[in-house]
Each structure stands twice: as C-alpha cells, then as structure tokens.
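Student: Reading the sequence shown from the start, the letters are residues -19 to -1, 1 to 615 in mature numbering (1 follows the signal peptide of the UniProt record, and there is no 0). Note that beta-carbon positions come from the ideal geometry of N, C-alpha and C, so glycine has one too. Predicted model, so just to flag it, every value in this text is computed and none were measured.
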Amino acid sequence: MRIKACLIALFISLGALQAQDSNATRFMINEVTVVTHFLRITPEEGHRLVQLGSDSLKKFQAFNLAEALKEQTNLFIKSYGANGVATLSIRGTGANHSKVYWNGLDISPPNLGLMDLSLIQSHGGDNLELSYGTGAHSYGAGNLGAGLLINSYPDYKQSFKQDLRITGGSFGRQQYDYSSEYGPQNLKAQTAVSFGSLKNDFQYRNPGETMRNHQWQNADFKQLHLKQNLFWRPELRNLISLKAWYNQTYRQIPPNSLNNGALYDRMADDNFYLTGDFQRNYANNDHLYVQIGWVRSSNRFQLASAERPDRNDYQSLQAQVRFKPLASQKLKWEAALQSRYDEAQSDSYEGFKNRFSSALYGRAKYQWKELWWSSLQLRAEHYDDQIAPLTGSFSTAYQWKPALNSYLSFGRNYRMPSLNDLYWVQAGNPDLKAEKSYTAEWGLEGHDSIADWQMQWQGDIYWIYVDNWIQWTPNGGIWQPQNLKTVQNYGFEGSLNLNKSWQDWHTSFKLGYQYLQSQNLENEQEPELNGKYLAYNPSHSLNAGVQLKYKRWDLNYQVNYTDRYFLDEANSYYLPGYTLQDLQLSYRWIRSAHQIRFSFSLHNLADIDYQVIAWRPEPGLNYRFGIQWRWEKS
C-alpha cells in the first residue's frame, strides 16, 4: 500500500504543475478526427471505423469500457454479470477474434487469447476507434472481428487543463477521476488517476419467480488506474512520446443464481503497459514511425474451494517500424515491419511458454480518378516455426455525388491458437491449425440537409467465412480445444444521425441497427449441428438516442434493444430479448475558464429483469449522479 500511495502522490503532483505559455506552431504529425459527441460511424479505406471521443465516453458516467459500449452502441457485449468478465462480439465472431491496442501496443493476453473490457476505463482523456471488417490488418494478426484502438493525443490548443469528476450511484457505485494536461508547445504531459468501486448488491428474481426475493451478494468490484504520458518535440518535425498505464482490478465472482451465493471465487488483475515512439516528418512529407513497447500482466484466480489462487502471468515485448513516403499525388503507400516476443507462465503450464512472431505489412492506395480510388493491403507473418497464411484485403471506393459515397472490399485474415490452446496441461492441443477467415463488404454512406436538419446516414452488408474455428469441447472426459467447425456470418448494419440548431436550442437524433445471421456450416464431431445458429448471437440489435439542449441544460434519452439468442449450439435453449432505456439530465455552470457540470441519470427505466449470460442477473432500475469540474487555459 505504501508503494501505491507514493505512485498516486507522484502522479497527482505531476498533474498540479503549472505549464508555461508558448506561441510555437502546432505540431501536425498525428492528425486525427475526434468525434466528441454522439457516436459516428464512417467507412475509411474500405472498412467501417467507429470513433468515440473522450467526452462521449464520459457522458453517461460508465464505470468501464464494457459498460460504455453496452449503453452507447448496438455492439453485443458478453458480460458475466455486473462485475464479471466482459468481452466483445463483432458480427458473430468470437470473443478471441477482436484485439485491443493501446497507442499501437497489443495489450490482449496471448495466453488467454481474449481481452476483458471490464479492465479498461471508459475515460481518462483517451479516444477510442473500433476498426472492423477487413481493415485491421495493419494493427496485427488475429483481428477476425475487429481491432479496438485506444489512443492518447496531445492538445496543442491549450497550455493547461484539468478535469476532476466524482460519480456515485446505486448499489455502492463510487468513482473518482482526475486528469490534466500541461506544458508548453514542445513538451506536453498528460496525467490521469482513477479509482472506483461497486458493491453490486441489487435485488433480483430468477425466471419464473414473481418477486425479487434474492440479493446478489459477494460481488464487490474495485479498480485503480494510473496514467502518465509525455510528448516531447525537440524540433518542429520530430516527436518523441512515452506513455505508461498501470491498472489494478479486484473482484469477487459469485456463483450463478442457482447456487449458494455465500461461496464465491476471487480474481485479481495487475497490468502495466509502457510504450515509447519516435515520429519524424521529412521535408518532402515522408513519414517515419518507430515504436517499442512492453506489457506485463498478472492474473490471480482463486476458486471458492481452493486454498490458494492459480497464477497466470505473461509479458510481451513488441516493436515496429513504419515508413510512409509521399510517392505521388495518385499513388500512396506504406510499409511496416513488426516483431514481438511473448512469454507466459501459469500453474496450468509445464514451465514457461513463449512465442516469437514477426510480420511484414504493406499497403498501397491508388487514385484512379478524382472520385475513385483503390487500396491493397498485404501481410506476411511468421510465428514459432510456422509461416502464417498470406493475408490482406482489396478495397475500392467511388464518390457518386458530393454527398454520396460507396465502397467494396474483400479480405483474408487468420488467427493463431492462443498459448492456453496449445499448452494447457493435459488439455492443450499442439496440433491445432490457425483459424482462417474470408470477408466481403459493400456499403454506402451519405449526408444531406433537409429543412434545416443536417443528416448523415450509412449502410452496408457483409459476409464472413471462418474455417478451422477453435472451440473447447469434451474429448474422452477432458475438455480440449479442437478445430471443430466452419462458420458463416452475414448481415446488415446501418446508422442515421440528424442534427438541428436554432437560437438557444440544439437537438440531435441517432439510430443504429444490425441484422446478423451466424450459422454452423460444418461441424466435424456433431454433423447434426450443421445449419444451426451460433450461441450468443442476437439476430437483431438496435440503439437509438435523442438529445435536446437548451442553453446550458442537456437532456439525453437512449434505448437499446437486443433480440433473443440461443444459449447452446443445438438451439434448444435461448434467452429472451430485452429493451433497456436510459435518461440523463445535466447542467453546465461556466465562469471564465472554469466549467462545472452536474448530472443525474436513470438506467433501465422500465425496471426489467434480464440476463446477458444465463443465470447471471443484471440490475433493475438504478441511478447515477456526478459532478465534473474542468479548467482550461490557452
């Protein structure tokens, strides 16, 4: 505890330093478009890109990233109860088919093969991008579903800004967040400290019961985050940055609602991420990017009946070099060399297990005409003693009108087995093959103005084919991973955004919808499952929101609908669909450079009983309140 106290004191003291004013030219190496209001989905390089700014992540005071995505998008988040592991399911792919990248560093555990989104905070000055479809090849291998990108960028418009937020709510919700950015134009620093806890002691009832006579117990959740970023510009065309993130999570995991809640498991996660990079813009606009990063992760899981916790540790050393020259006005290309070394240790392994991989990535974009371009991506990778299948994508886009664009893309990807899949004692399968996927996508997007309303819309259809899908299944009394099945996913995604402003009023409306069919084409062990739908994949999901602003008042209403989905591959059991509604009212007080925002929100307005995972109840009607103070100095 003394070490933690010293770390917190150090981070807060750094954030309290006043920055010097500077009139230096704004640094332009990393140009990004940040959407800091409603969620906006835009196709880029032939794939969909979801952008969510840090202000949007703070809007409904979500406790973590899983809660934020669940409330603000139509993405399906598999959460094992209010305090359980939460994973992302994109277009019917599995939880291990989407990776998380923090400032270009892959922080997804190579041993487990999937990332728990409940370990990631929903704010702290970061911006989030979800790149899915066929466009995540440049980030790394294994993104059959998506690549979730968390990035930190300096703000050169402000010399100093601070943000303090206190949040409370039902079921023991407490959250304290502080962030600051300070420094002159050539040396910027960002500091963030966050601590939160949940009791999750809500009332619930099991299916078939009329009263909520049960209380969820032994479900505590505590989390600490510390972040420190430095951006140094020794000269106008060079940028050197160093970013560090430490987070610690402790949770109690009660059994499902059919068992004795007094007996519960425990899990503790301790993670440290460190990355440094160098960027240079040459006089001819060629761009060089060099990065090296380190990940250290420790997980302790203790069953209720166990005397001591199981240990699961890993560390990863990653490096990459990217070069992007300005070839010509019509042709643009980029090349990258990536390398990483992963090492894992577990009580379920026989000693240390490691993996070394390297990849060569290239992309070329050609402008055929002013309104027509095509892009080709290729990725060659080598891991352990194997050469991975050549992957890549081809996409083309055409601007039919100034307000109407279309794109078409085809891609191939793969995912190597996780270290647990290969080396788990008495269960690991060293003969596993890499999963392979093929994708196709066609989309339209446009914008228009109708009776003073600004409108943006988008829609696309997609198809995903996955072969050698890895699944743990009983084999002679032992659960073992197998290349079990071939899967086909297809569907439609669409969104609509409307905005209008007049006098002191502003209103906006957003709508997102997804239709998904995810089916077994071939199951080697159980052919009777051929043609059946995959478990935990709702066919319909919808997210809609209305915002009404008057001067400094802000009213937000959101509704999320999730269709029913099957719980097993035989399609014998299912969870019913559910609709969640949220309402928030906030007021901003502004005085000079100071801004204070008061907010109050209600969640699950209809007080419905629902479950995301069978026999893992979710809370009914609940509230949150918050106060946020922000100070900025130019």
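Buried or exposed for Ser553, going by 16 or more other Cβ atoms inside 10 Å?
Tutor: exposed
Student: Less than 8 Å between the C-beta atoms of Trp314 and Arg360, yes or no?
Tutor: no
Student: Alpha carbon to alpha carbon, how far is Gln592 from Arg186?
Tutor: Straight-line Cα distance between these residues: approximately 11 Å.
Student: Would Gly150 and Phe606 qualify as a contact pair, given that the criterion is a beta-carbon distance under 8 Å?
Tutor: For the 8 Å CB-CB criterion, Gly150 and Phe606 form a contact.
Student: Helix, strand or coil for Asp258? Go by DSSP, reduced to three states.
Tutor: strand
Student: Can you give me the start and stop residues for the alpha helix (DSSP H) that Ala49 sits inside?
Tutor: Leu46 to Gln53
Student: Per the contact definition of three or more C-beta pairs closer than 8 Å, is the segment 133 to 149 in contact with the segment 186 to 198?
Tutor: Contact between the segment 186 to 198 and the segment 133 to 149 is not established, with fewer than three Cβ pairs separated by less than 8 Å.
Student: Which stretch, first to last residue, makes up the alpha helix (DSSP H) that contains Asn401?
Tutor: Leu400 to Tyr404
Student: Starting from Leu145, follow the beta strand (DSSP E) in both directions and report where the run begins and ends.
Tutor: Phe141 to Gly150 is the extent of the beta strand (DSSP E) around Leu145.
Student: Count the C-beta pairs between the segment 160 to 177 and the segment 203 to 210 that are closer than 8 Å, then say yes if the count reaches three, no if not.
Tutor: Because the criterion of three Cβ pairs below 8 Å is met, the segment 160 to 177 and the segment 203 to 210 touch.
Student: Quick check on the DSSP output: the beta strand (DSSP E) that includes residue 631 runs from which residue to which?
Tutor: In the structure displayed, the chain extends from -19 to 615; residue 631 sits before or after that span and is not available.
Student: Classify His28: buried if its beta carbon has 16 or more other beta carbons within 10 angstroms, exposed otherwise.
Tutor: So His28 ends up on the buried side.
Student: Is DSSP giving His78 helix, strand or coil here?
Tutor: helix
Student: Which ranges does the beta strand (DSSP E) cover as unbroken runs of at least 3 residues, wholly within the segment 229 to 316, from first to last along the chain?
Tutor: 246 to 262, 268 to 283 and 291 to 305
Student: Give the DSSP bridge partners of Ile608, in chain order.
Tutor: Ile147 and Phe579
Student: Do you know how far the Cα of Gly409 is from the Cα of Gln439?
Tutor: 44 Å
Student: Could you tell me the boundaries of the beta strand (DSSP E) in which residue 661 lies?
Tutor: Coverage of the chain is limited to positions -19 through 615, which leaves residue 661 absent and any answer about it impossible.
Student: List the residues that DSSP assigns as beta-bridge partners of Arg154.
Tutor: Gly150
Student: How big is the Cα-Cα spacing for Leu91 and Gly65?
Tutor: It should be pointed out that residue 91 corresponds to Pro in this sequence rather than to Leu. About 20 Å.
Student: Going by beta-carbon coordinates alone, are residue 619 and Leu125 separated by less than 8 Å?
Tutor: The structure shown does not extend to residue 619, since the chain is modelled only from -19 through 615, so no value can be given for it.
Student: Go ahead and label Tyr531 buried or exposed: buried means 16 or more other beta carbons lie within 10 angstroms of its beta carbon, across all protein chains shown.
Tutor: exposed
Student: Going by the DSSP bridge assignment, what does Asp563 pair with across the sheet?
Tutor: Gln539 and His584
Student: Among the candidates Asn240, Gln301, Asp258 and Leu269, whose CA atom is the shortest distance from the CA of Tyr134?
Tutor: Just measuring C-alpha positions, the residue of Asn240, Gln301, Asp258 and Leu269 sitting nearest Tyr134 is Asp258.
Student: Could you give the uninterrupted runs of the beta strand (DSSP E) lying entirely in the segment 349 to 412, keeping only those of 3 residues or more?
Tutor: 353 to 364, 372 to 382 and 385 to 396
Student: Can you tell me where the beta strand (DSSP E) holding Trp596 begins and where it ends?
Tutor: First-last for Trp596: undefined, no H or E at that position.
Student: How many Å lie between Pro462 and Gln435 at the Cα?
Tutor: 51 Å
Student: Considering only the beta carbon of each residue, do Asn132 and Asn84 sit closer than 8 Å?
Tutor: yes
Student: Just verifying my parser: in three-state terms, what is the DSSP assignment at Ser499?
Tutor: strand
Student: Which of the three DSSP states is assigned to Ser99 in this structure?
Tutor: helix
Student: Is Glu216 helix, strand or coil when you go by DSSP?
Tutor: coil
Student: Under three-state DSSP, which class holds Glu509?
Tutor: helix
Student: Sorted by chain position, which residues of the same chain lie with C-beta nearer than 6 Å to Ile442's C-beta, five sequence neighbours on each side aside?
Tutor: Trp423 and Phe473
Student: Measure the alpha-carbon distance for Leu465 versus Arg72 and round it to whole angstroms.
Tutor: 20 Å
Student: Glu507 to Leu30, Cα distance in whole Å?
Tutor: 37 Å
Student: Helix, strand or coil: which one does DSSP assign to Phe337?
Tutor: strand
Student: Whose CA, out of Tyr395, Lys224, Tyr496 and Leu357, lies closest to the CA of Asn449?
Tutor: Tyr395
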